[in-house]
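Residue numbers (our numbering), protein chains in the order written: chain A, 1 to 345; chain B, 346 to 690; chain C, 691 to 1035. Ideal placement from N, C-alpha and C gives every residue a C-beta, glycine not left out. What you are looking at is a predicted structure, and each value in this text was computed from that prediction instead of being measured. One structure below.
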Amino acid sequence: MTAREVAAALGGTLEGEDVELRACGGLEEARAGDLSFCKDPKHVRLVESTKASAVLLPPEWSLGAPCSIIRVADPNRACMAAARMFAPPEPVRAPGVHPTAVVDPSAKIGEGVHIGPWTVVEKGAEIGAGAVVEAQVFVGEGCRIGANTHIYPQMTLREGTIVGADCIIHCGVRLGGDGYGFNNGRREDGSVYIEKIPQLGIVEVGDGVEIGSNTTIDRARIGRTYIGPMTKIDNLVQIGHNVKIRGYSGLIAQSGVAGSTEIGYGCLVWAQAGVSGHIKIADGVQVGPQAGVTQSLDGSVKYVIGAPAESMKEFGGRLLVPKLLAKLKAEVRELKSRVAALSKR
Amino acid sequence: MTAREVAAALGGTLEGEDVELRACGGLEEARAGDLSFCKDPKHVRLVESTKASAVLLPPEWSLGAPCSIIRVADPNRACMAAARMFAPPEPVRAPGVHPTAVVDPSAKIGEGVHIGPWTVVEKGAEIGAGAVVEAQVFVGEGCRIGANTHIYPQMTLREGTIVGADCIIHCGVRLGGDGYGFNNGRREDGSVYIEKIPQLGIVEVGDGVEIGSNTTIDRARIGRTYIGPMTKIDNLVQIGHNVKIRGYSGLIAQSGVAGSTEIGYGCLVWAQAGVSGHIKIADGVQVGPQAGVTQSLDGSVKYVIGAPAESMKEFGGRLLVPKLLAKLKAEVRELKSRVAALSKR
Amino acid sequence: MTAREVAAALGGTLEGEDVELRACGGLEEARAGDLSFCKDPKHVRLVESTKASAVLLPPEWSLGAPCSIIRVADPNRACMAAARMFAPPEPVRAPGVHPTAVVDPSAKIGEGVHIGPWTVVEKGAEIGAGAVVEAQVFVGEGCRIGANTHIYPQMTLREGTIVGADCIIHCGVRLGGDGYGFNNGRREDGSVYIEKIPQLGIVEVGDGVEIGSNTTIDRARIGRTYIGPMTKIDNLVQIGHNVKIRGYSGLIAQSGVAGSTEIGYGCLVWAQAGVSGHIKIADGVQVGPQAGVTQSLDGSVKYVIGAPAESMKEFGGRLLVPKLLAKLKAEVRELKSRVAALSKR
């Protein structure tokens, strides 16, 4: 789009050259072809050095810019609107089953469902009205996918997995893999055995859940691994068998929750944190980045951090240890010399 | 199934309404349609508040329940048996090659092998008798898969990878990707170069190994990355090039082992732990969750934890530091006042 | 190959039996059929106990070996050359589109491009000359792949993703998934809402980048997530939306970089490390394994470690705390007894 077209679409006015614009970008990262934005004169230096081809500025901005200017009332909001215009058009996933998809005749496909190329839908599976199942997806036997759920390419639902309505499941997600469970020990003759414990349950995902790329959620040993409604899970997260997340919680990238643990409503597990198995995290508790939670959290502490996890106060105290120790050492040294002096009296 | 059918199948007797049962679940997590179980009267509160539709109880249980009761001699064992009845039927993977699979004519496919839709088997690959290779799998040139091994959908074996017999490989596993290896430095003219080191070896996986969803194991630089027999690997684990795991070991979710490290027999690497490259972990050593092992472990310490990893005793001592420091500070304060008093004498 | 053939190819001479050789391996890990190597007489013990079938030794080696010997001037270099001979032949990916690939007629496919079976190329996508897109890949609408880039099986490019020339993208990589972004709060009636923030930007990957198996890189909220030229990313790495990596940097396995962070030239983020969002890492800074970087690093410290990350000196000091504390405790105890003695005078 040209700067003039963008200005018109945003209800703003163009000052300077009518350049071609292709994307939005922050002042510092912008390059030729980018539209950037600034509201606050205190960032004037960034405006002066930006490589953007045009910048959205408020009417009162009198400091100029090294590129074309589009005047708008609210540069931040205008930039969001422009981003929408520049965004690659969302691919249309029209209702219909691609001729290359292998769909078992016993599967129930709802109205308006899109099924992409090379996707496999096994027997007894049900896909709700309006759902989109993109290319190269595997929907195992007896799986159920709720209405209007969007499944991106190359994810797998093992047999019996249930996904609610209005979910978004990204590429490479693995739902319903076997949980990690083995019995081992020694036989009477002294030899070691390792025996797989059958993983007989399923994964059930509630309505409105979003699951990020390459995240894995294991099927229950018995019963269900449960991801409650509106839970938002980032990329590369691991959720063990029989975990129960009540709902409205978030799990950030590369975090993990071990088997049979329960996580309440409105919790947030930050990136790379780990939660041990067989414990309970109360509603609203946040687990900080890289934290390691080894015991149940009853909610009396709202944010834990560190490994093993503790309160911010305890964690902060721990960080101060070297400083406190140095101070104490100096005090002891002084005491020593005073005691030495006293001894000589 | 109805409660009456379940009771009959378990050799128990039904008391109360003949409800429909669909799954097993713990007393706390159970909901309508679930069968739960309790053996120990000390959990009577959980029985009283369960939302299960029926509960398995021992004959001597006299405390009642808020739902139907199925009396059985051993409720725990009965629940496992019931879980098997409720479990989604394991999909039948009958012998045969799906018509949509692309199998090179030079590939050797053993007796009774199942190959699913959209799977690719490249030239020279060998698949042992009774193996199951599900949908959308990629088996590269010259790969060998042992008898009765089960490969779930959407995993990839790069060229030359060897997988033993009786293995289970879950969705999204990547075997034989290039290891991370680059030479870099500065040229005479001062410019920086980064040069890929060819990764010429393979991955070899022994018999009876299980590998969890989305785990990655890199091919060797030269020779083999080796996963010994009966090793059990969880989801999202990373194993670098030329790692050697002797066998009968476990690696829990999101752990990682860097290049050229050797791990003995019967080791256990817990979740999110990391093991540095070019070191050796002796037989039977356990690496605790989130630990970071930077040096070889000769087995004199059987369990390490923390980063850098140390013994439980050392780690525990470290955790006590703030408390010890506070105590010492108080002692120094007291000493100070005593010394001050002495000085005034 | 036989040992005689290997010797001839390497310009060396065979001493002992003409055995069959199949792979290279270090002295300790080698087994029957392997060719190993040794240059330095101080490793004679390892040579004496190797299970290799042949070993590469320098002409001056007079200590013998328990297997066939191939004499060569430089055993290390010869072993690399032998590894190349033993390596599974690199699969030929001849120019052409596999008949099972679904390629939109509007896609622009360059000269000499290989597209493998079951691959999907959506409308408007462009694939540069000489590129290899292997089996079961998903190339979304409007994606651009540069010349000579190699894409391994089963990776996905969501719509609009740009990949430069001469890149290597391994199996299971996910480019362009939605970033993690939600608005949440309470409505006037007290109920909680969680609302997805549209992720309108793209991922742009520069020339010469390598990305390891199952790594995920999210599309920008607006603008681009940018991976600069020659950046080398290992397996299972997470890169959040709007991250900008200038180039010539490395990210080792299972590390993660949160949204909007900038990483300079020539940086190295070691395994399992995490970098917080909205910060800047200066050129040439290294982030140690499992470190947690929470604040911008201006380059005055070249290597950080620990969580929160600090200099090696600070981190080392922290590790010494228990020892220093014990020493101080002993000093205080001694002071106490001296003060007690003084009091009695």
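Task: Limits of the beta strand (DSSP E) - the one that residue 735 of chain C falls within - done: No beta strand (DSSP E) holds residue 735 of chain C; the alpha helix (DSSP H) holding it covers 734-739.
TODO: Answer yes or no: does any C-beta atom of chain A fall closer than 9 Å to that of residue 998 of chain C?
DONE: yes
- [ ] Could you tell me whether any Cβ in chain B is nearer than 9 Å to the Cβ of residue 924 of chain C?
- [x] yes
Open item on the list: Under 8 Å, with one C-beta from each stretch per pair, do the stretch 822-837 of chain C and the stretch 868-877 of chain C reach the 3-pair mark?
Closed with: no
Task: Chain-ordered residues of the stretch 879-901 of chain C with a beta carbon less than 8 Å from chain A - done: 882, 884, 886, 888, 890, 891 and 892
Open item on the list: Counting C-beta neighbours from all protein chains within 10 Å, is the total for residue 318 of chain A 16 or more, i.e. buried, or is it exposed?
Closed with: buried
- [ ] Mind listing the chain B neighbours of residue 20 of chain A? Cutoff is C-beta to C-beta under 7 Å, in chain order.
- [x] None at all; the shortest Cβ gap to chain B is about 33 Å.
- [ ] May I ask you to list the residues that DSSP assigns as paired with residue 976 of chain C?
- [x] C/958 and C/993
TODO: Tell me, to the nearest whole angstrom, how far the beta carbon of residue 292 of chain A is from that of residue 274 of chain A; I am working on the premise that it is less than 8 Å.
DONE: Correct: roughly 5 Å between the Cβ atoms.
TODO: Locate the alpha helix (DSSP H) running through residue 333 of chain A, then write down its first and last residues.
DONE: Unbroken alpha helix (DSSP H) run through residue 333 of chain A: 321-344.
- [ ] Verify the CB distance criterion: does residue 571 of chain B have a CB-CB separation below 9 Å to chain C?
- [x] yes
Open item on the list: Can you check whether the C-beta of residue 764 of chain C is within less than 9 Å of a C-beta belonging to chain A?
Closed with: Interface annotation, residue 764 of chain C: not in contact with chain A, CB-CB separation never under 9 Å.
Task: Contact check, residue 511 of chain B vs residue 529 of chain B, beta carbons under 9 Å - done: no
TODO: Write down the C-beta distance between residue 214 of chain A and residue 173 of chain A rounded to the nearest angstrom, noting that I regard them as a contact closer than 8 Å.
DONE: 7 Å
Task: chain B within 9 Å of residue 956 of chain C, Cβ atoms only - done: yes
TODO: Could I get the ranges of all uninterrupted beta strand (DSSP E) runs contained in the stretch 781-856 of chain C, with 3 residues as the minimum, in chain order?
DONE: none
Task: Min CB distance residue 838 of chain C to chain B below 9 Å - done: no
Open item on the list: Buried or exposed for residue 882 of chain C, going by 16 or more other Cβ atoms inside 10 Å?
Closed with: exposed
TODO: Give every residue of the same chain whose Cβ lies closer than 8 Å to the Cβ of residue 207 of chain A, excluding the five residues on either side of it in the sequence, and list them in chain order.
DONE: Excluding sequence positions up to five before and after residue 207 of chain A, its CB lies within less than 8 Å of the CB of 146, 164, 165, 166, 167, 229 and 230, all in the same chain and listed in chain order.
Task: Where residue 983 of chain C sits in the DSSP three-state scheme - done: If DSSP states are grouped into helix, strand and coil, residue 983 of chain C belongs with the strands.
Open item on the list: Under 7 Å, CB to CB, which of the residues in the stretch 173-185 of chain A have a partner in chain B?
Closed with: 174, 177, 178, 180 and 182
Task: Inter-residue Cα distance where the pair is residue 667 of chain B and residue 226 of chain A - done: Roughly 39 Å between the two C-alpha positions.
Open item on the list: Which of the three DSSP states is assigned to residue 15 of chain A in this structure?
Closed with: Residue 15 of chain A falls in the strand class under three-state DSSP.
TODO: Identify which residue in C/754, C/742 and C/693 has its Cα closest to the Cα of residue 721 of chain C.
DONE: C/742
Open item on the list: So, under 8 Å CB-CB, residue 568 of chain B and residue 546 of chain B are touching, yes? Tell me the CB distance rounded to an integer number of Å.
Closed with: 5 Å
Task: Bridge partners - residue 311 of chain A, DSSP secondary structure assignment - done: Answer is A/304, bridged to residue 311 of chain A.
- [ ] Using beta-carbon positions only, say whether residue 443 of chain B and residue 454 of chain B come within less than 9 Å of one another.
- [x] no
- [ ] Just confirm the distance between the C-beta atoms of residue 440 of chain B and residue 122 of chain A, as a whole number of angstroms; I'd bet it's less than 8 Å.
- [x] Going by Cβ atoms, the distance from residue 440 of chain B to residue 122 of chain A rounds to 17 Å, so no, they are not a contact pair.
Open item on the list: Taking the alpha carbon of residue 71 of chain A as the reference point, which residue from A/83, A/161 and A/12 has its own alpha carbon closest?
Closed with: Measuring from the Cα of residue 71 of chain A, the nearest candidate turns out to be A/12.
TODO: Give me the Cβ distance between residue 458 of chain B and residue 476 of chain B, rounded to the nearest whole Å; I'm assuming they're in contact under 8 Å.
DONE: Confirmed, about 5 Å.
Task: Three-state secondary structure assigned by DSSP to residue 405 of chain B - done: coil
Task: Where the beta strand (DSSP E) through residue 35 of chain A begins and ends - done: 34-37
Open item on the list: Quick check: residue 236 of chain A and residue 203 of chain A, are their CB atoms within less than 9 Å of each other?
Closed with: no
Open item on the list: Is it buried or exposed, residue 945 of chain C, if we count other Cβ atoms within 10 angstroms and call 16 or more buried?
Closed with: It counts as buried.
- [ ] Identify the contact partners of residue 985 of chain C in chain A, using a Cβ-Cβ distance below 9 Å as the criterion.
- [x] Ordered by position in chain A, no residue passes the 9 Å Cβ test against residue 985 of chain C, which lies about 13 Å from the chain.
Open item on the list: Let me check understanding here. Comparing Cα to Cα, which of A/83, A/64 and A/47 lies closest to residue 22 of chain A?
Closed with: A/83
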